[in-house]
Every structure is written in C-alpha cells, then in structure tokens.
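Participant:
There are 4 protein chains.
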Amino acid sequence: MARVNNPKADEILDKQFDVLDHGFVRLIDYMGSDAAIVQAARVSYGDGTRKVSEDRGLIRYLMRHRHTSPFEMVEFKFHVKLPIFVARQWIRHRTANVNELSGRYSVMKEEFYIPDEDNIRPQSSDNKQGRASEMAPEDLCRRFVEYLNKSQKDAYSNYQKFVGDDLAREIARINLPLSLYTEWYWKIDLHNLFHFLRLRLDPHAQLEIRLYAEIMADMVKTVCPVACEAFEDFILNSVTFSGPELEILKDSLSTFKLKKDELVARGLSSGEATELIRKLKRLK
Amino acid sequence: MARVNNPKADEILDKQFDVLDHGFVRLIDYMGSDAAIVQAARVSYGDGTRKVSEDRGLIRYLMRHRHTSPFEMVEFKFHVKLPIFVARQWIRHRTANVNELSGRYSVMKEEFYIPDEDNIRPQSSDNKQGRASEMAPEDLCRRFVEYLNKSQKDAYSNYQKFVGDDLAREIARINLPLSLYTEWYWKIDLHNLFHFLRLRLDPHAQLEIRLYAEIMADMVKTVCPVACEAFEDFILNSVTFSGPELEILKDSLSTFKLKKDELVARGLSSGEATELIRKLKRLK
Amino acid sequence: MARVNNPKADEILDKQFDVLDHGFVRLIDYMGSDAAIVQAARVSYGDGTRKVSEDRGLIRYLMRHRHTSPFEMVEFKFHVKLPIFVARQWIRHRTANVNELSGRYSVMKEEFYIPDEDNIRPQSSDNKQGRASEMAPEDLCRRFVEYLNKSQKDAYSNYQKFVGDDLAREIARINLPLSLYTEWYWKIDLHNLFHFLRLRLDPHAQLEIRLYAEIMADMVKTVCPVACEAFEDFILNSVTFSGPELEILKDSLSTFKLKKDELVARGLSSGEATELIRKLKRLK
Amino acid sequence: MARVNNPKADEILDKQFDVLDHGFVRLIDYMGSDAAIVQAARVSYGDGTRKVSEDRGLIRYLMRHRHTSPFEMVEFKFHVKLPIFVARQWIRHRTANVNELSGRYSVMKEEFYIPDEDNIRPQSSDNKQGRASEMAPEDLCRRFVEYLNKSQKDAYSNYQKFVGDDLAREIARINLPLSLYTEWYWKIDLHNLFHFLRLRLDPHAQLEIRLYAEIMADMVKTVCPVACEAFEDFILNSVTFSGPELEILKDSLSTFKLKKDELVARGLSSGEATELIRKLKRLK
Numbered sequence: 299m300a301r302v303n304n305p306k307a308d309e310i311l312d313k314q315f316d317v318l319d320h321g322f323v324r325l326i327d328y329m330g331s332d333a334a335i336v337q338a339a340r341v342s343y344g345d346g347t348r349k350v351s352e353d354r355g356l357i358r359y360l361m362r363h364r365h366t367s368p369f370e371m372v373e374f375k376f377h378v379k380l381p382i383f384v385a386r387q388w389i390r391h392r393t394a395n396v397n398e399l400s401g402r403y404s405v406m407k408e409e410f411y412i413p414d415e416d417n418i419r420p421q422s423s424d425n426k427q428g429r430a431s432e433m434a435p436e437d438l439c440r441r442f443v444e445y446l447n448k449s450q451k452d453a454y455s456n457y458q459k460f461v462g463d464d465l466a467r468e469i470a471r472i473n474l475p476l477s478l479y480t481e482w483y484w485k486i487d488l489h490n491l492f493h494f495l496r497l498r499l500d501p502h503a504q505l506e507i508r509l510y511a512e513i514m515a516d517m518v519k520t521v522c523p524v525a526c527e528a529f530e531d532f533i534l535n536s537v538t539f540s541g542p543e544l545e546i547l548k549d550s551l552s553t554f555k556l557k558k559d560e561l562v563a564r565g566l567s568s569g570e571a572t573e574l575i576r577k578l579k580r581l582k
Numbered sequence: 299m300a301r302v303n304n305p306k307a308d309e310i311l312d313k314q315f316d317v318l319d320h321g322f323v324r325l326i327d328y329m330g331s332d333a334a335i336v337q338a339a340r341v342s343y344g345d346g347t348r349k350v351s352e353d354r355g356l357i358r359y360l361m362r363h364r365h366t367s368p369f370e371m372v373e374f375k376f377h378v379k380l381p382i383f384v385a386r387q388w389i390r391h392r393t394a395n396v397n398e399l400s401g402r403y404s405v406m407k408e409e410f411y412i413p414d415e416d417n418i419r420p421q422s423s424d425n426k427q428g429r430a431s432e433m434a435p436e437d438l439c440r441r442f443v444e445y446l447n448k449s450q451k452d453a454y455s456n457y458q459k460f461v462g463d464d465l466a467r468e469i470a471r472i473n474l475p476l477s478l479y480t481e482w483y484w485k486i487d488l489h490n491l492f493h494f495l496r497l498r499l500d501p502h503a504q505l506e507i508r509l510y511a512e513i514m515a516d517m518v519k520t521v522c523p524v525a526c527e528a529f530e531d532f533i534l535n536s537v538t539f540s541g542p543e544l545e546i547l548k549d550s551l552s553t554f555k556l557k558k559d560e561l562v563a564r565g566l567s568s569g570e571a572t573e574l575i576r577k578l579k580r581l582k
Numbered sequence: 299m300a301r302v303n304n305p306k307a308d309e310i311l312d313k314q315f316d317v318l319d320h321g322f323v324r325l326i327d328y329m330g331s332d333a334a335i336v337q338a339a340r341v342s343y344g345d346g347t348r349k350v351s352e353d354r355g356l357i358r359y360l361m362r363h364r365h366t367s368p369f370e371m372v373e374f375k376f377h378v379k380l381p382i383f384v385a386r387q388w389i390r391h392r393t394a395n396v397n398e399l400s401g402r403y404s405v406m407k408e409e410f411y412i413p414d415e416d417n418i419r420p421q422s423s424d425n426k427q428g429r430a431s432e433m434a435p436e437d438l439c440r441r442f443v444e445y446l447n448k449s450q451k452d453a454y455s456n457y458q459k460f461v462g463d464d465l466a467r468e469i470a471r472i473n474l475p476l477s478l479y480t481e482w483y484w485k486i487d488l489h490n491l492f493h494f495l496r497l498r499l500d501p502h503a504q505l506e507i508r509l510y511a512e513i514m515a516d517m518v519k520t521v522c523p524v525a526c527e528a529f530e531d532f533i534l535n536s537v538t539f540s541g542p543e544l545e546i547l548k549d550s551l552s553t554f555k556l557k558k559d560e561l562v563a564r565g566l567s568s569g570e571a572t573e574l575i576r577k578l579k580r581l582k
Numbered sequence: 299m300a301r302v303n304n305p306k307a308d309e310i311l312d313k314q315f316d317v318l319d320h321g322f323v324r325l326i327d328y329m330g331s332d333a334a335i336v337q338a339a340r341v342s343y344g345d346g347t348r349k350v351s352e353d354r355g356l357i358r359y360l361m362r363h364r365h366t367s368p369f370e371m372v373e374f375k376f377h378v379k380l381p382i383f384v385a386r387q388w389i390r391h392r393t394a395n396v397n398e399l400s401g402r403y404s405v406m407k408e409e410f411y412i413p414d415e416d417n418i419r420p421q422s423s424d425n426k427q428g429r430a431s432e433m434a435p436e437d438l439c440r441r442f443v444e445y446l447n448k449s450q451k452d453a454y455s456n457y458q459k460f461v462g463d464d465l466a467r468e469i470a471r472i473n474l475p476l477s478l479y480t481e482w483y484w485k486i487d488l489h490n491l492f493h494f495l496r497l498r499l500d501p502h503a504q505l506e507i508r509l510y511a512e513i514m515a516d517m518v519k520t521v522c523p524v525a526c527e528a529f530e531d532f533i534l535n536s537v538t539f540s541g542p543e544l545e546i547l548k549d550s551l552s553t554f555k556l557k558k559d560e561l562v563a564r565g566l567s568s569g570e571a572t573e574l575i576r577k578l579k580r581l582k
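Residue numbers (the working numbering), protein chains in the order written: chain Z, 299 to 582; chain F, 299 to 582; chain E, 299 to 582; chain C, 299 to 582.
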C-alpha cells in the first residue's frame with residue numbers, strides 16, 4: 299500500500315514559509331511518498347526486488363540509472379507568492395500545472411520586491427548572466443533601494459488612481475514593474491520538480507529564485523527523504539566529465555587502485571561499487 | 299483549505315473493479331477534490347466569487363468556458379490490468395505518467411483476453427473503425443473463441459518453453475499475442491482525464507477500452523461529483539454545430555421564444571441563461 | 299510526397315509584420331502543408347481514402363471529429379516582439395518551444411508599449427476581465443498616455459544609469475514595467491497553434507494579444523489554407539450547446555425539415571449532411 | 299537567416315533505410331539546422347557572441363551546460379516501419395507527435411519480425427532486462443525461428459480467414475503477435491530526439507530498437523553535424539560520477555597536473571579548459 303501516513307509532512311501542510319521580503323511558499327497538498335516510487339517501479343521490474351529492506355537500494359538504483367518514470371508518481375502542489383521577474387523564470391518549466399492571480403480580474407496589491415542591500419551586487423565579470431561575489435559600493439546600494447522605493451510607490455499610486463478613474467484593469471496594470479508580487483498555485487510531479495530544483499539550486503540561477511528552490515527542497519525532503527538523498531548524491535553532487543575531458547583525465551584515473559570490497563567499505567553499495575569499477579574500466 | 303476528507307472516495311481506494319475477463323482498475327491514490335478546483339480558480343479570479351454556495355456555479359462556469367487549468371489541480375493514480383491492444387490505444391494519451399510491467403524484466407503471466415460471445419460482432423458497414431450493432435453468426439463466434447483459446451495456449455506454452463530453455467525474455471515474448479494482459483500504474487490530472495474519458499466513452503471508441511472508461515468515470519465521480527456533473531452537462535451531452543450547419547439551422551432556431559426568466563425556470567442558471575440568449579442572438 | 303513547394307508561404311518568410319507600436323511577428327520557418335496532414339492521416343486510415351480530390355474532405359473530416367494528431371505534423375516557427383504583459387499570457391501555452399531574450403545576459407532596449415488612445419477603455423461592466431466597448435473620457439486617455447510616457451522614460455533612464463554604475467543587469471531590470479518589449483523565437487505545431495488561436499482570437503482575449511493572433515492566423519492560412527478553412531468552419535464559427543440547453547432547444551430544432559439532398563444542395567458535404575441529421579435525431 | 303540549403307540532407311529525404319528484416323526508417327521532412335540552434339540561442343544571449351566563427355563554440359557551450367531549449371528549434375519527421383514490441387518501447391517518449399497505422403481501419407499486412415539467428419541469445423546473467431553476449435545453442439535458435447515462422451503464418455491465416463468471414467477488424471486482430479510490423483509517422487524536436495537517442499543507443503536498450511536509433515543518429519548528423527558532435531562529446535561519451543564516488547576518486551584526481559594552456563593544447567576549447575579546472579578544484 300503506497301498511501302502511508304506521513305505526520306511530518308502533514309505538519310508543514312499549509313504552513314507559510316517566508317521567502318524574500320513579501321514572498322512565501324506553502325505546501326498545499328502532496329500525493330505519494332518514497333513508498334509510491336517503489337510501488338510503481340515494482341510493477342515494471344517485477345518480484346525480484348521485493349524485500350522491504352531493499353526499498354532504499356531500489357530508489358537509489360532508479361535515480362542512478364535515470365529511470366525517471368517512477369518519480370513521476372509523486373505529486374506536489376504549492377502556493378507561491380513571488381515577484382513577477384521570478385515568475386517569468388519559473389514558468390519556463392512547462393511540465394507543471396499553474397493557476398496564477400490575474401491582473402485582468404483582480405486589482406493587484408501594493409507589494410513589491412526590494413532586495414536586501416547585501417544582495418545588491420555588481421555585474422559579475424566572469425559570468426555573463428549573474429552578479430558578482432563582491433559587494434556593490436554602499437552608496438550604489440542605498441541609491442538603488444531609494445529609487446526602487448520611490449518608483450514602486452509612484453507606480454502603485456498611479457495604478458490605483460487610474461483604476462479609480464475606471465480605466466480597465468487590464469490596461470491600467472501595464473506599467474507596474476517586474477518587482478510586483480504575484481501568486482500562483484503550482485503543481486508538479488517529483489521527477490519534474492527535481493529537474494526544477496537541479497536548475498534553480500544551481501549557483502548560476504538568479505539568487506531570488508534560488509531562495510525559493512532551497513525552501514522547496516526542504517519541503518520535498520519531508521515527503522520523500524530517500525528519493526531526496528538519492529537526488530543529492532547522484533544528481534546535485536555529481537560531476538559529469540565529457541568524452542574529451544576523460545581522454546585527458548584517463549591517466550590520473552588509471553592510477554585508481556581500490557577493489558570492490560574496499561569501495562563497499564568506503565560506503566558504496568555493492569551495485570554502485572561494481573558500476574564504478576565498470577566506469578573506470580571503460581576509460582582505459 | 300482544499301484537503302478535505304472524502305470518506306466515500308477513501309472507501310474505494312485500492313478496491314479492485316473487474317473489467318473484461320481478467321482485467322481490473324484500482325484507484326490507488328488521488329489528490330484534491332471539487333474544493334481544490336475552486337481554490338485554484340479563486341487565486342486567478344480573485345475575491346468576487348467567495349461565497350461557499352457559489353462553488354458549484356464556479357465549477358460549472360469554468361467547465362462551460364473551457365477554463366481548464368483549475369481542473370489540472372486534481373490528480374488520480376490508477377492501477378490497471380488490461381490487454382495489450384487496449385494498452386496501445388490508451389498510451390496515446392501523452393499527458394500522463396506510466397509505469398508498465400516489463401516483459402524484459404519479468405516473465406509474463408498466462409492471462410489473455412477472450413471477448414464474450416456477445417461482443418464478437420461483424421465489421422460495421424457505416425463505421426470504418428468499429429463493429430456492427432447486430433450479432434455475428436453463432437458459429438463464427440464459437441469458432442473465433444475456440445481459435446483464441448487454442449492459439450493463446452500454444453503461444454504461452456511455447457513462450458514458457460523457450461524461457462525455460464534460457465532464451466532471453468525480451469526475445470521469447472515477441473510472439474505473444476496482443477490479447478495478452480499487461481499492467482500499469484497510470485497517473486493523470488482531472489483535465490486530461492476528462493479528455494481521456496470524452497474520447498474513450500464515445501460510442502466510436504473500441505468497446506474494450508470503453509468498459510475501462512466507464513468504470514473510471516464512476517470512480518472520478520466519487521472524488522469530484524460537481525466537476526463530473528459539469529463535464530456531463532457541458533462536454534459529454536453537448537452538441538457542437540459548425541458554422542455551415544448553423545447557417546442552415548438558423549431559421550429553426552430563430553423561432554426560439556423563451557426569455558431569461560423562463561430559461562431559469564427551466565433549470566438554467568442565470569449565467570447560462572444569459573449565455574444561451576447571446577448564442578442564439580449571434581446566429582441571427 | 300508531403301514536401302511541396304509553397305511559393306506564397308516562402309514569400310512571407312522572414313518578413314516583418316508590425317503589431318502594436320513597436321512589436322512584430324515574423325514567420326521564420328515552417329514544415330509541412332495541407333498535404334502533410336493528409337499524408338499522416340492516411341498512414342492511420344489506410345487506402346480507402348486515396349483520391350487526391352478527397353484531400354479537402356479528409357482534412358475537414360479530421361477537424362470535425364477532433365482527430366487532432368495529423369495536424370500536429372505541421373510545424374511553425376515565429377520570431378515575435380511583444381510587451382512583457384502579453385508575453386506572460388502567451389507563455390501559458392505550454393506545448394511550444396521558446397527562446398526568449400534574457401535581461402540577465404543583455405541590456406534591454408528602450409522600447410515600451412503605449413496603447414492607441416482608441417484602445418484605452420473603461421473597465422467593462424459585464425465582463426470581469428476585459429475593457430468596455432465604449433470609449434474612455436478623452437481626458438483620461440490623455441492623462442494615461444502622458445503618465446506612461448513619463449514613467450517609461452524615468453524607468454529606462456534609471457535602468458541605464460544603474461547598469462552604467464555596473465549594477466548587475468539581473469537586478470537593475472527588476473523595476474522595468476510590464477509594458478517593456480521583449481522578443482522570442484516560438485515554435486509550435488499546427489494543432490496546438492489552432493488551440494492558441496481559438497483562445498487568443500476570442501473577443502474575451504486581451505486586445506493586445508488578439509492583434510498578434512490575427513496576424514498569425516493570416517500567416518498560417520498561407521501555409522495551410524484548407525486546414526484553416528476547416529478550423530474556421532468547425533471550431534471558430536461553431537457553437538456548442540450543453541445538455542441542459544439542448545433540452546430547451548429541442549422543440550425548436552424538432553421543426554427542422556430539410557433532408558440530406560437538400561442539405562447537400564445548401565453546401566454541406568454528404569458526410570456532414572448525414573452527421574447533422576444524426577445530431578438532430580439524437581435530440582428527439 | 300536560419301533557412302539554409304542543405305543538399306546532403308535533402309538527398310536522403312524520403313529514402314528508405316532498411317532496419318531488421320522488414321522494417322525501415324525514412325526521413326520525411328526536417329526544419330532547421332545547426333544555424334537554427336545558433337539563431338535561437340542568440341535571441342537569448344544577445345550580441346556578445348555574434349561572430350560566425352563562434353557558431354560551433356556556442357552550440358558546444360549550450361550542450362555542455364544543458365541549455366536545451368535552442369535544440370528544440372530543430373524538428374524532424376520520420377516514417378518508420380517497426381515491430382509492435384519495438385513500437386511499445388518507442389511510444390514511451392511522450393514529447394513527440396505520432397500517427398500510427400490503425401488495425402481498426404485497415405487490414406494489417408502479413409509482415410512479421412524474425413530475428414537473425416545471430417541475435418537470438420540467452421538471458422543475460424548480469425543484466426535483468428537484456429540478452430547475453432554469448433550465443434544461444436544453435437539448436438535453440440533453429441527451433442525458435444521455426445516456431446516463429448509457423449506461428450506467425452498460423453496467426454495471419456486465421457486473421458485473414460476471420461476478416462474474410464466479416465468479423466470486425468478491431469476484434470479479429472487481437473491475436474496477432476507482438477512481432478507484427480506496424481508503421482507510423484513520428485515527429486520530434488532535436489532536444490527530445492537526443493534524449494531518445496541517448497536512451498535507445500545505450501547498450502542496455504533492446505537490440506531491435508537500438509538498430510533504429512543508430513540509423514536515425516546518422517540521419518540527424520546529416521542535418522545538424524555540429525550539434526551531433528557536441529551530443530557525442532558531452533552526452534554519449536560523458537561519464538557522470540556521483541557525490542559518493544567523487545569522495546573516493548578525489549585522491550586520484552588531485553594528482554592531476556595540467557594547466558589551462560596544456561589543456562587547450564590537448565584539444566579543449568578555452569572555455570572547456572577553464573571549466574575542467576573548476577570542476578577538479580571543486581573536488582578538493
């Protein structure tokens with residue numbers, strides 16, 4: 299039976315976890331658990347793997363070999379409040395279901411994002427898309443925050459005035475800035491959520507979306523701890539070397555000496571140990 | 299809060315509902331309810347529609363106007379056992395998650411579909427893809443069932459023999475017939491499930507898949523009765539007239555006399571009544 | 299052979315069609331034609347339908363019966379420049395491929411949308427999401443345009459200044475308004491494009507996205523004229539009556555007298571005529 | 299302009315490439331080229347990368363960093379004839395468009411797959427899903443081929459007889475074996491095609507689908523040679539080490555001595571060299 303009680307997960311249901319200055323994530327509902335992954339995998343792979351003690355091993359095997367479909371059997375639904383420029387990055391993940399607050403139906407609230415001064419950084423010099431690791435001059439930060447404050451207030455008071463003058467909402471809102479907060483319900487399966495997390499936990503992702511991803515990663519861990527551990531070991535903390543790189547690394551790796559039982563002693567499962575030996579052999 | 303208790307739905311969880319001679323459908327899990335549809339819609343459409351008494355009206359409005367995304371917020375997971383020729387039609391619905399029994403990993407069981415004699419029919423003369431409404435000659439039915447029985451037994455005993463001779467399972471199975479049963483876990487959201495049901499409840503769908511669809515439609519009704527009623531009224535029992543047809547029907551429809559309050563008296567909601575009047579006006 | 303020359307379509311390739319004040323649509327590439335739809339359908343339906351003269355009939359049959367997969371065999375790629383608030387509606391169509399200009403990599407250009415005064419309207423009183431059909435007071439229009447002009451200039455000059463001060467682009471841009479233009483390549487198959495067009499040509503769609511849809515509908519017509527005609531007849535100009543509505547309309551429709559040959563004389567194909575008679579019979 | 303002439307690709311259009319005993323793949327149409335990938339990427343990444351000489355570098359960068367969306371801008375349409383058991387594996391790739399021959403509409407042809415004796419192998423002992431590398435006993439091969447031949451003939455002659463007796467095609471076909479050939483049109487974008495190829499070129503994929511994948515990989519190379527080279531270097535020939543594996547490999551890799559210019563001298567691009575150094579540094 300895959301429908302198991304998960305009191306820890308139920309405890310965070312509907313709880314609001316704050317992100318940025320006015321944003322949040324709430325886990326509204328979920329379906330499934332580590333057990334649901336195992337259950338679905340076993341319909342494919344049959345009876346050979348039935349011992350309960352082997353559940354963790356099976357989940358790790360599935361993750362390692364990118365057998366992704368059993369992870370699709372777990373589903374999550376979040377309620378998220380987020381600035382529009384973050385929403386525009388987020389929505390690029392197409393295999394998900396969304397219901398967003400509509401500025402055509404509703405009057406938007408006066409809630410805008412202003413970054414912490416700590417997060418206002420210069421353009422990165424080695425990363426075309428990101429911000430630098432060093433701080434921006436204090437004066438620049440101060441001026442930017444002042445500007446944001448003032449222009450957001452202006453934009454909102456004008457919006458409010460024009461809506462008050464009975465201008466259609468769908469037109470009145472077009473000059474609101476990308477820092478405006480919006481809200482949505484967002485539903486996604488675990489496989490696609492892992493894909494989202496891999497991209498959005500990456501140091502190259504924009505800081506603001508990364509902060510959402512970090513909180514969601516913790517929530518997911520409450521629902522599926524074993525799958526999340528496998529995701530960290532085999533995806534997040536993995537490194538991929540290309541064919542040309544391996545040509546060059548070959549010599550270093552050929553000095554590798556450990557045998558299977560030593561690998562197991564150092565923490566790999568028997569299956570992982572065999573696979574590592576096989577990978578290294580392929581390089582020779 | 300969208301996570302409501304639904305004892306009626308929980309009662310059928312994991313219960314096996316038989317279909318065909320060896321097939322079944324089981325509802326393994328579900329997420330959401332009519333309330334989850336309303337909850338997601340309200341994040342889009344805002345506060346104007348908040349009265350609880352208006353939930354049914356809102357769901358019907360969403361269905362009528364093909365605002366489909368809130369229906370995606372409800373999710374179903376089924377365990378299904380079905381003949382391979384049915385599975386091949388079913389899998390064409392791509393927006394779903396599947397884990398199927400693999401004939402490469404597992405030895406298939408000796409379970410084949412044999413239609414009831416009542417369902418063994420001649421080719422339809424007016425429907426290129428289907429069977430006729432009249433019965434096939436008794437003798438033909440008998441011969442076909444005999445043939446199926448014999449050839450399925452032959453196929454399975456040969457399969458078993460070759461697997462016993464250690465022939466690879468993935469090769470040994472290639473001569474098993476399309477009437478062989480397979481199994482899968484199948485997960486889908488309510489919007490896409492309605493799409494599946496609309497196509498597979500249709501009289502043009504092959505009878506065998508229709509029988510699965512009928513049972514699943516009942517299950518879905520237990521989870522989301524209001525959405526299902528709307529689906530029946532606005533999709534299943536609707537009729538669409540094309541532009542050229544309406545040109546021709548115009549005269550008949552222009553004789554239509556009822557006013558809004560009479561329409562409401564005959565069962566339409568106020569919104570539906572207004573929309574019907576508008577539709578008819580468009581035709582004039 | 300489905301790869302046919304289409305000089306009319308090739309003529310518009312890469313041509314810029316203006317939309318709004320600074321936007322455009324360009325058809326960058328396409329794959330397939332009416333012939334490609336027919337070719338794919340015939341692999342399913344076999345040899346019965348082979349006469350060339352029957353191509354139009356087949357396409358219309360497919361559309362009428364929502365056999366949508368052959369329409370997926372035609373593909374379009376557009377280059378579009380559009381305000382961000384339009385892009386946010388557009389991107390909800392998930393079954394498409396997108397590459398958008400990134401404000402993290404590039405400095406955005408000073409191009410903002412300002413509606414024609416003619417399109418600045420009051421809130422609609424009977425349509426929660428749209429604008430009214432009557433004009434807004436002249437003074438309101440003038441004030442709104444003035445405001446847009448001024449605030450867009452302010453926003454851009456501040457953006458430019460902060461980027462000049464070496465503030466990270468991904469932060470500097472967060473206060474740019476939703477009226478800012480962005481660009482993308484957008485690729486979609488004909489079935490999903492028809493779905494997009496049906497929703498975005500609808501009078502309830504926001505005017506600004508409708509103007510894009512109208513131009514794209516014309517482009518598609520150049521590539522697949524027969525499919526587009528079928529789309530208009532059976533989707534755009536169709537009317538769907540719900541089960542409860544049909545209960546009420548039944549009496550009017552039962553007065554309908556025309557026979558099959560009269561229906562054909564009035565322009566329906568033989569198949570359509572049969573189907574109309576069948577639909578009306580169902581209602582009795 | 300992304301619409302470039304590609305005479306080599308046009309030459310193979312519609313050509314039939316044989317696979318297995320009666321199967322084939324034909325490239326029916328394609329849209330785009332390496333240039334289309336570059337064109338779409340540049341709308342995102344802006345003007346910094348404009349030199350034509352840098353096209354190859356950009357494509358390799360995109361592949362290396364899993365910036366997958368520009369690869370979605372190229373589209374392929376194939377006509378494939380394949381045994382049903384292969385079709386059942388193939389159809390699991392959901393992000394594609396399909397039109398398949400229907401056994402409800404058409405009478406199936408007498409074409410069945412019989413493996414070469416060379417490919418009839420015992421069950422693999424170390425791979426639960428596959429066949430062994432050693433040969434099966436000659437006698438077993440012979441018996442299996444004889445059995446296939448005989449039972450396929452029986453199945454088809456019975457099918458033909460029952461269809462001749464006017465039994466509905468959709469019922470008569472249910473006892474045809476999985477070795478029966480079917481046909482379809484299959485359309486997919488390059489990103490998803492690479493995903494298909496990665497899984498289906500893998501030694502763990504069933505031999506029969508692998509043979510299709512190999513021929514398609516060659517076709518794709520004709521259309522997009524640079525993207526395919528990048529796919530081979532960064533995906534097919536790459537090796538991924540998990541977090542726990544890297545813990546163990548760290549010591550070996552820490553002996554790595556080459557500097558950036560030496561890496562470039564050994565064939566890496568400047569960007570790849572920097573990234574390799576960074577990856578290795580991360581491990582320390």
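All residues carry an ideal CB built from backbone N, CA and C; glycine is no exception.
Rounded to whole angstroms, how far is the Cβ of residue 438 of chain Z from the Cβ of residue 463 of chain E, which I believe are closer than 8 Å?
Facilitator: Counting from one through the first sequence, the residue named residue 438 of chain Z turns up at place 140. Counting from one through the third sequence, the residue named residue 463 of chain E turns up at place 165. Going by Cβ atoms, the distance from residue 438 of chain Z to residue 463 of chain E rounds to 6 Å, so yes, they are a contact pair.
Participant: Does the region 320-334 of chain E come into contact with the region 363-379 of chain E, if we say contact requires no fewer than three beta-carbon pairs (one atom in each stretch) closer than 8 Å?
Facilitator: Short answer: they touch.
Participant: Please report the Cβ distance between residue 411 of chain F and residue 320 of chain F, rounded to the nearest whole angstrom; I am assuming they are in contact, meaning their Cβ atoms lie under 8 Å.
Facilitator: Counted from its first residue, the second sequence places residue 411 of chain F at position 113. Counted from its first residue, the second sequence places residue 320 of chain F at position 22. Between residue 320 of chain F and residue 411 of chain F the Cβ distance is about 7 Å, and since that is below 8 Å, they are a contact.
Participant: Whether or not the region 373-392 of chain E and the region 508-519 of chain E are in contact is what I'm after, with contact meaning three or more pairs of Cβ atoms, one per stretch, closer than 8 Å; do they touch?
Facilitator: Because the criterion of three Cβ pairs below 8 Å is met, the region 508-519 of chain E and the region 373-392 of chain E touch.
Participant: What does the alpha-carbon distance come out to for the pair residue 483 of chain F and residue 354 of chain Z?
Facilitator: Residue numbering aside, residue 483 of chain F sits at position 185 when the second sequence is read from its first letter. Residue numbering aside, residue 354 of chain Z sits at position 56 when the first sequence is read from its first letter. Taking the straight line joining both Cα atoms gives about 20 Å.
Participant: Where does residue 278 of chain F sit, in a helix, a strand or coil, going by DSSP?
Facilitator: Because chain F in this structure spans residues 299 to 582, residue 278 of chain F falls outside the shown range and cannot be described.
Participant: Round the Cβ separation of residue 429 of chain Z and residue 422 of chain Z to the nearest angstrom and send it over; I've been treating them as touching at under 8 Å.
Facilitator: In the first sequence, residue 429 of chain Z corresponds to position 131, counting from 1. In the first sequence, residue 422 of chain Z corresponds to position 124, counting from 1. Right, the Cβ-Cβ distance comes to about 6 Å (below 8 Å), so this counts as a contact.
Participant: For residue 379 of chain E, go through chain Z and note every residue whose CB falls closer than 8 Å to its CB, in chain order.
Facilitator: Looking up residue 379 of chain E in the third sequence gives position 81. Here the premise fails: no neighbours, minimum Cβ distance about 16 Å.
Participant: Are any of the Cβ atoms in chain E nearer than 7 Å to that of residue 457 of chain Z?
Facilitator: Here residue 457 of chain Z is taken as the residue at index 159 of the first sequence, counted from 1. No, no contact with chain E.
Participant: Taking the beta strand (DSSP E) that residue 274 of chain F belongs to, which residues open and close that run?
Facilitator: Absent from the structure is residue 274 of chain F, since the part of chain F shown begins at 299 and ends at 582.
Participant: Figure out for me which residue from F:310, F:342 and F:433 has the closest Cα to the Cα of residue 377 of chain F.
Facilitator: Within the second sequence, the letter at position 79 stands for residue 377 of chain F. Closest option to residue 377 of chain F, Cα to Cα, is F:310.
Participant: Using a C-beta to C-beta distance shorter than 9 Å, which residues of chain E count as neighbours of residue 539 of chain F?
Facilitator: Here residue 539 of chain F is taken as the residue at index 241 of the second sequence, counted from 1. Result: 536, 537, 538, 539, 574 and 577.
Participant: Assuming contact is defined by CB atoms lying nearer than 7 Å, are residue 379 of chain E and residue 479 of chain E in contact in what I supplied?
Facilitator: As a first step, residue 379 of chain E must be located in the third sequence, where it is residue number 81. As a first step, residue 479 of chain E must be located in the third sequence, where it is residue number 181. Yes, the pair counts as a contact, with Cβ atoms nearer than the cut-off.
Participant: Which class does residue 437 of chain C belong to by DSSP, given the choice of helix, strand or coil?
Facilitator: Position 139 of the fourth sequence, counted from the start, is the residue given in the question as residue 437 of chain C. If DSSP states are grouped into helix, strand and coil, residue 437 of chain C belongs with the helices.
Participant: Could you give the uninterrupted runs of the alpha helix (DSSP H) lying entirely in the region 476-531 of chain F, keeping only those of 4 residues or more?
Facilitator: You should have 488-498, 505-521 and 523-529.
Participant: So what's residue 429 of chain E in DSSP terms, helix, strand or just coil?
Facilitator: The count along the third sequence starts at 1 and reaches residue 429 of chain E at position 131. The answer is strand: DSSP assigns residue 429 of chain E an E or B state.
Participant: To the nearest angstrom, how far is it from the Cα of residue 306 of chain E to the Cα of residue 523 of chain E?
Facilitator: For this step, residue 306 of chain E is matched to residue 8 along the third sequence. For this step, residue 523 of chain E is matched to residue 225 along the third sequence. Going from the Cα of residue 306 of chain E to the Cα of residue 523 of chain E covers about 11 Å.
Participant: Measuring only between beta-carbons, confirm whether residue 469 of chain F sits less than 7 Å from chain C.
Facilitator: Mapped onto the second sequence, residue 469 of chain F falls at position 171. True, the Cβ-Cβ gap to chain C drops below 7 Å.
Participant: So what does DSSP say about residue 556 of chain Z, is it helix, strand or coil?
Facilitator: The residue given as residue 556 of chain Z occupies position 258 in the first sequence. Residue 556 of chain Z falls in the coil class under three-state DSSP.
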